[in-house]
Structures are given as structure tokens and as C-alpha cells.
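Asks: Take the sequence shown: its letters are residues 541 to 946, numbered as in the numbering used here.
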Amino acid sequence: MLKGKKILIGVCGSIAAYKTATLIRLLVKQQAEVQVIITDAAADFISPLTLATLSKKPVLKHYTANSETGEWNNHVALGLWADLMLIAPATAHTLAKMASGLCDNLLMAAYLSARCPVAVAPAMDLDMWHHPATQRNISRLQADGCYVIPPGEGELASGLSGKGRMAEPEQIAQWLSLFFTASNWLKGKNVLLTAGPTIEPIDPVRYITNHSTGKMGYALAQAFADAGASVRLISGPVSLQLLHPLVQITPVHTARQMHQAVMERLSQADIIVHCAAVADYAPAQIAPQKIKKQEERLTLDLVKNPDIAAEAGQRLQWHQVHAGFALETDHEEANAHQKMLRKNFDLIVLNSLNQKGAGFGHDTNRVTLLFRDGKREDLPLLPKNEVARIIVQHLTQLLQTKSHVV
Ligand code: CTP
541 MLKGKKILIG VCGSIAAYKT ATLIRLLVKQ QAEVQVIITD AAADFISPLT LATLSKKPVL
601 KHYTANSETG EWNNHVALGL WADLMLIAPA TAHTLAKMAS GLCDNLLMAA YLSARCPVAV
661 APAMDLDMWH HPATQRNISR LQADGCYVIP PGEGELASGL SGKGRMAEPE QIAQWLSLFF
721 TASNWLKGKN VLLTAGPTIE PIDPVRYITN HSTGKMGYAL AQAFADAGAS VRLISGPVSL
781 QLLHPLVQIT PVHTARQMHQ AVMERLSQAD IIVHCAAVAD YAPAQIAPQK IKKQEERLTL
841 DLVKNPDIAA EAGQRLQWHQ VHAGFALETD HEEANAHQKM LRKNFDLIVL NSLNQKGAGF
901 GHDTNRVTLL FRDGKREDLP LLPKNEVARI IVQHLTQLLQ TKSHVV
């Protein structure tokens with residue numbers, strides 16, 4: 541996938557720089573051409589000799605290559621040469637400089653000159669990552685068109701544990717392969733997708749939720765991105781990870797948060813898919829303290845949550861494609877059909893809990909696709925990513941049909 545791709549890698553001063561050595565090895569093994577630029581601080585963490593040996597090219601550090609002969613490292617040429625520039629690890633300091641356009645070393649000059657796509661793989665301690673200034677810089681870089689390969693969670697060099705570790709070399713290499721292989725069916729199109737369960741707090745320690753694991757929604761996000769779409773995934777709490785250059789995840793907990801996140805982005809979407817298992821009701825009041833077990837019976841007062849799909853269906857514009865899921869236990873097709881009309885879907889994916897290997901938590905699914913025009917398609921038991929690919933194909937066709945009807 542990476543054969544012949546020219547990748548300019550910037551390395552900054554973080555302990556995660558040791559992982560970049562492995563990353564370079566993986567890329568060179570896949571026959572990518574790698575040119576490394578390091579900062580002064582990076583050279584304290586990893587030897588330029590190591591990186592030069594692995595990348596098979598001298599490592600660049602300063603503007604001048606040889607001050608006696610006046611030989612210099614042309615940052616403009618580097619930016620033009622690369623198919624992609626990746627800064628890994630990207631420290632909080634370098635992210636801040638990038639966000640404000642500062643140019644105090646060769647790496648920053650190459651960044652500001654680069655005409656190719658730029659990705660950053662941040663690495664820092666958890667409090668630095670969560671600091672509003674860092675998050676502001678990340679948002680600004682995303683608005684400037686930079687891709688962010690999110691850091692993972694785990695043990696950090698400080699001894700603390702949390703989010704901030706640079707993504708693993710294998711994950712970054714896979715991210716790069718996906719970046720270069722995304723097909724073009726849905727290039728330039730925006731997909732808005734919900735996934736996972738919602739959780740509705742009862743008190744500070746308890747909540748109401750359901751069995752959704754988010755597997756189907758995440759498989760759809762991957763399939764849309766593989767088809768070249770920019771995907772905004774509004775995800776309830778799940779234990780899945782998805783690192784794809786075209787997928788941006790907005791994590792939410794409650795149905796109300798999911799509703800707000802969807803409504804804010806609805807008008808910009810070309811395709812909207814509701815895959816989340818949204819809780820229909822939430823406690824009317826969240827107890828401020830843990831509820832003590834005093835009474836023999838306890839009644840929870842629940843209020844209806846907004847129906848996100850139904851509201852999106854009401855606000856739908858003529859060119860937008862709208863799809864949802866239905867999980868039914870009885871009168872499956874009739875119920876799903878009614879839901880399709882009520883929520884103004886072009887397509888509804890009917891999941892049956894009565895089928896072996898289908899439903900919550902499985903890697904496979906067996907679904908029936910019901911279309912607004914009365915067509916139907918029964919799919920056999922398939923891996924969820926294959927089901928996702930077929931759904932994406934149908935939605936792409938629906939989008940094409942709508943855009944031809946003016
Ligand atoms: N949905 C939604 N917001 C809700 C409830 C459901 O967006 N508050 C979406 C789901 O993501 C799914 C579709 O609507 O795409 C159908 O969800 P489902 O739970 O099957 O239907 P409900 O409308 O909740 O109806 P019921 O629970 O009575 O079957």
C-alpha cells in the first residue's frame with residue numbers, strides 16, 4: 541500500500557521518539573521513501589544515526605547542511621517532495637507552534653511550506669493533552685486541514701496512566717496505508733453517523749443503558765471512510781478504537797448529548813445514518829448523591845428522550861440520504877416499515893434478535909434491508925464489516941440517484 545510513497549517524518553522531543561524508529565522501519569519495509577527531520581530536543585531522545593540508518597537517508601536538523609560550503613536544507617523542496625508529512629511524536633510545544641504559525645526551526649519551516657497533507661501523532665502527559673490550550677491547538681490544526689492521529693490510553697512516562705501515549709507504530713503505519721488507499725466513491729461527501737449505546741445517569745454512580753457494543757456502527761464508519769467519505773461518528777461509550785484519517789469521533793454519553801451533537805452537524809451531512817441504540821427514556825432527575833437503599837421499593841421517574849432520527853427526518857433536505865436501524869422482537873417487518881415512514885428514512889436495516897449470530901456483541905450480523913420504494917434485500921449471516929460495506933454501497937447509490945433528480 542505504501543510502495544513508492546514519499547513520507548516526510550518530523551520527530552520532536554518526546555520519549556515516544558523511540559517508537560518512531562520502529563515506525564520508520566515498518567514504512568521502509570513497505571517500500572515507502574522516508575525523509576526524517578528532527579528538532580534539537582528530539583536528538584536528546586533518539587540518535588540521528590539510528591533514524592538515518594533505518595530511513596536510509598541522512599537526517600535533517602538545521603537549515604544549513606554544511607556552513608563552510610554554504611550547503612543548505614531546502615525546506616520548500618521538502619514540502620513539495622512529500623506525498624504526506626507526518627509529525628510523530630508531536631509534542632504540546634510543536635502543536636502550539638504549528639497552530640500559531642511560528643517558524644523557529646527547519647521542521648516548522650517545512651510544515652509551513654508543505655503543500656501535501658499533514659498528519660500529527662501527539663504524545664504527551666495526560667494533563668497536558670487535556671489542557672484547554674492543547675485541545676484548542678488541536679481544534680485549530682484540524683480546522684487548518686491537519687489530520688490528527690489520536691493518542692492512546694495507558695501507562696505514561698510520568699508514571700501516571702491515561703490518554704497521551706503516542707499511537708503505536710503499527711497503528712500509525714496502518715493509518716497511513718488507509719490514507720493512501722481510500723477509494724473515491726464518496727470522496728468529498730460528509731457522513732454523519734451515530735453508534736453505540738447511550739447511558740442515562742440515575743445518580744453519580746449508576747446509570748441506565750443497553751447491550752449495544754457499537755460494533756456495527758464502527759464497522760459502518762470504517763466502510764464509509766474506506767469509500768472516501770469524511771465521517772463524523774457520534775459515539776456513545778464503547779470499548780472500540782477506530783483510527784482512520786477520515787473518521788472524526790465525537791464522544792457522548794447521554795441521548796441528549798447525542799441529539800445536540802447530531803443537530804449541530806445535520807445540515808452539512810450528505811448521508812445520515814442512525815446506528816446508535818439510543819435510550820428512549822432518562823431519569824427525570826439525576827440524584828446529586830448516591831441513592832441509599834432505605835425503602836423496600838424504589839420507583840424511578842423516567843422522561844422521554846428526544847427521538848434523534850425522527851427529528852432529523854423532519855429537518856431533512858431533499859439531497860440528503862437518511863437511514864436507520866430497527867431491532868425488533870416481534871412483527872419485525874411491519875414495525876420496521878412503520879419506523880421507516882415515521883422517521884423519514886430512505887433505508888432501514890432490520891436486525892433480528894431471533895437470528896443466531898446476529899445482534900449485540902457478535903462480529904457477525906444478519907439483516908434485511910428495507911427500502912422506501914418497497915424493495916427489500918435479505919442478506920445472509922455475514923461479518924459486520926461486510927454488512928457495512930453492502931449498506932454503504934446502497935447508500936452511495938441512493939445518494940447518486942437523489943443528486944440526479946433536480
Ligand atoms: N433512534 C434515535 N433516537 C431515539 C431512538 C431511536 O435516533 N431516541 C434511532 C435509532 O438509532 C434507530 C432508529 O431510531 O436508527 C430506530 O430505533 P429503535 O430503538 O428500534 O426504535 P424506537 O424509535 O426507539 O422505537 P421502539 O423502541 O418503540 O421500537
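Every residue gets a Cβ at the ideal spot worked out from N, C-alpha and C, and that includes glycine.
Note down the Cα distance separating V946 from P709, rounded to an integer number of angstroms.
Replies: Taking the sequence shown and counting its residues from 1, the one referred to as residue 946 is at position 406. Taking the sequence shown and counting its residues from 1, the one referred to as residue 709 is at position 169. Unreliable positioning characterises V946 in this predicted model, as indicated by a pLDDT of 40, which lies under 50. The coordinate reading is nonetheless provided below. Each residue's Cα considered, the two are about 47 angstroms apart.
Asks: Along the chain, where does the beta strand (DSSP E) that runs through Q788 open and close?
Replies: Taking the sequence shown and counting its residues from 1, the one referred to as residue 788 is at position 248. Element bounds for Q788: 787–791.
Asks: Please determine, among K879, K727, A824, L589, the residue with the shortest C-alpha to C-alpha distance to V599.
Replies: Locating residue 599 in the sequence shown gives position 59, counting from the first residue. Closest option to V599, Cα to Cα, is L589.
Asks: Mark G757 as exposed unless 16 or more other C-beta atoms lie within 10 angstroms of its C-beta, in which case mark it buried.
Replies: Position 217 of the sequence shown holds residue 757. Buried is the call here.
Asks: If I follow the unbroken alpha helix (DSSP H) through Q675, where does it start and stop?
Replies: Here residue 675 refers to the residue found at position 135 of the sequence shown. Residues 672–683.
Asks: Less than 6 angstroms between C-beta atoms, sequence neighbours within five positions excluded: which residues of the same chain meet that for A636?
Replies: Numbered from its first residue, the sequence shown carries residue 636 at position 96. Answer for A636: N677, listed in chain order.
Asks: Counting C-beta neighbours from all protein chains within 10 Å, is the total for K601 16 or more, i.e. buried, or is it exposed?
Replies: In the sequence shown, residue 601 corresponds to position 61, counting from 1. Burial call: buried.
Asks: Specify the secondary structure class of V599 as computed by DSSP and reduced to three states.
Replies: Along the sequence shown, one-based indexing puts residue 599 at 59. Coil, per DSSP.
Asks: Residue range of the alpha helix (DSSP H) that P709 falls in?
Replies: Along the sequence shown, read from residue 1 onward, the residue named residue 709 stands at position 169. Unbroken alpha helix (DSSP H) run through P709: 709–721.
Asks: By alpha-carbon positions, which one of I831, A769, W725 ends up nearest to R746?
Replies: Mapped onto the sequence shown, residue 746 falls at position 206. Closest by alpha carbon: I831.
Asks: Let me check understanding here. Comparing Cα to Cα, which of G692, D847, G768, L840 lies closest to I811?
Replies: Counting from one through the sequence shown, the residue named residue 811 turns up at place 271. The option with the nearest alpha carbon to I811 is G768.
Asks: Nearest to K703 by CA position, among M664, G728, V889, is which residue?
Replies: Translated into the one-based positions of the sequence shown, residue 703 becomes position 163. When only C-alpha atoms are compared, the closest one is M664.
Asks: Grab the span of the alpha helix (DSSP H) containing G768 for me, first residue to last.
Replies: Your numbering for residue 768 matches position 228 in the sequence shown. From DSSP, G768 is part of no alpha helix (DSSP H); its letter is neither H nor E.
Asks: Who pairs with S950 in a beta bridge, going by DSSP?
Replies: The structure shown does not extend to residue 950, since the chain is modelled only from 541 to 946, so the question has no answer here.
Asks: So, are the CB atoms of I826 and M798 less than 8 angstroms apart?
Replies: In the sequence shown, residue 826 corresponds to position 286, counting from 1. In the sequence shown, residue 798 corresponds to position 258, counting from 1. Their beta carbons are not under 8 angstroms apart, which means I826 does not touch M798 by this criterion.
Asks: Quick check: what's the CA-CA separation for L783 versus L626?
Replies: Position 243 of the sequence shown, counted from the start, is the residue given in the question as residue 783. Position 86 of the sequence shown, counted from the start, is the residue given in the question as residue 626. For L783 and L626, the distance between alpha carbons rounds to 15 angstroms.
Asks: Of all the CB atoms in chain D, is at least one closer than 8 angstroms to the CB of D623?
Replies: Considering every chain present, this structure includes no chain D. It has just one protein chain.
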